[in-house]
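These notes are about the structure you will find just below.
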Amino acid sequence: MTESHNILITGASGYLGGTLLARWASASLTGYDKLFALVRTDAQREQVKQYGAEPLTFSPRDEQAVRNVVIQNRITIVFYLIDAFESVGQENFIKALGEVKSQTGLDVHLLHTSGAKIFSGLAGAPTDSPLLDTDPRLYEIQKAQEPPISFMQKPVETNTRVIDLAQANGVKSYVFAPCIVYGRGEGFGNPISIQTVDIVKAARAAGQVYSVTPGRPTWPVCHVIDNTSLYLQILRSILNGEKPEYGKNGYYLAASGSVTWDDLSN
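Counting in the UniProt record's numbering, the sequence shown runs from 1 upward without gaps.
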């Protein structure tokens with residue numbers, strides 16, 4: 001028997017979150033009562049309503065505000081799409097979801113949107129062989145990572161912190177890792193990837209494109225619609241009671257191909 005859920009999406013005005021919301025109706029999801037979307041402005045409130053989402057305005061960094069919203073609305077699923085580096089917001093949601101589980105006995109879920117770069121050599125991950133999201137050692141690999149670039153330490157720790165805290169609070173966690181996402185988004189906010197924009201800005205400022213690693217390093221890539229399809233498939237599996245892998249086994253890399261940096265820069 002499946003449970004009926006209330007769902008919250010953060011990042012609805014962004015590239016990934018906006019496309020997810022835009023594809024919501026056509027996905028024909030069942031097994032939930034209400035869909036909520038975190039917004040910051042009145043204009044965003046009106047936009048998300050057009051997709052059937054009830055707008056909520058609060059700060060994910062405010063622990064009490066998060067607790068109030070999650071408990072009062074009996075939210076059982078959170079898709080967190082707004083911060084891959086720090087874990088403050090995710091921790092607040094996990095604690096609140098844990099309380100909902102204690103009060104209702106319902107299964108509760110948090111999907112944290114990370115990034116493929118956090119599984120790269122730049123973050124201290126091994127690069128001598130492909131790193132698969134199905135590898136049962138992936139959690140231990142992340143725990144052992146020592147990034148050569150210091151600012152990458154925090155997002156690495158965020159991934160494992162989300163998993164550890166979720167397990168301690170009875171929350172099922174999923175680490176979703178987008179890669180180089182391309183294609184025009186379908187949401188009401190940001191229509192293109194900030195990665196592509198930043199590459200172009202850096203190249204224009206420097207007057208050329210640089211390759212900073214030897215050889216022909218490759219990166220996984222994914223069209224924004226394929227990326228959205230994986231978000232929706234994970235959610236559909238949860239709603240249908242299919243029990244997708246979670247926690248230390250709940251890593252999901254959204255990749256449908258790969259590209260070399262040389263080809264991208266050319």
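Virtual Cβ for every residue (Gly too), placed ideally from N, Cα, C.
Looking from the CA of D107, the closest CA among E242, A53, D262, S258 belongs to E242. With fewer than 16 other CB atoms across the displayed protein chains lying within 10 angstroms of its CB, N240 is exposed.
When the five nearest sequence neighbours on each side are left out, the beta carbons in the same chain lying within less than 8 Å of the beta carbon of Y182 are those of S193, T196, V221, C222, H223, V224, in order along the chain. Residue environment for P214: exposed (fewer than 16 other C-beta atoms within 10 angstroms of its C-beta). Following the DSSP letters along the chain, one finds V66 in no beta strand (DSSP E) but inside the alpha helix (DSSP H) bounded by residues 63-72.
Contact check for P55 against A37 passes: the beta carbons are separated by less than 8 Å.
Scanning Q167, V48, I7 for the CA closest to the CA of E186 turns up V48. Residue pairing of A37 in beta bridges, as defined by DSSP: I9, P55.
Of the residues assessed, L253 falls on the buried side of the cut-off, its CB having 16 or more other CB atoms within 10 angstroms.
Secondary structure of S258 (DSSP, three-state): strand. Inclusion of N73 and N6 in the CB contact set at 8 Å is warranted, their separation being smaller than that value. Cβ neighbours of Y139 within its own chain (closer than 6 Å, five residues either side excluded): K248. CA-to-CA, the gap between N190 and P217 works out to about 28 Å. Nearest C-alpha to I82 among I141, T260, A12: A12. Within a 10 Å sphere around the beta-carbon of E157 sit 16 or more other beta-carbons, which makes this residue buried.
With a cutoff of 8 Å on beta-carbon distance, F176 and Y231 are scored as near each other. Put simply, the segment 130-148 does not touch the segment 92-108. Fewer than three CB pairs are less than 8 Å apart. When C-beta atoms of the segment 256-264 are compared with those of the segment 115-125, fewer than three pairs fall below 8 Å, so the two segments do not count as touching.
Residue pairing of F176 in beta bridges, as defined by DSSP: T113, Y252.
In the DSSP assignment, the residues bridged to Y32 are H5. Note on P136: under 16 other CB atoms within 10 angstroms of its CB, so exposed under the neighbour-count rule. In this structure, D133 and Y246 do not form a Cβ contact; the two beta carbons are roughly 13 Å apart against a cut-off of 8 Å. Between S173 and I180, the gap from beta carbon to beta carbon reaches 8 Å or more.
Of V78, N159, G121, V88, the smallest CA-CA separation from W219 is found for G121.
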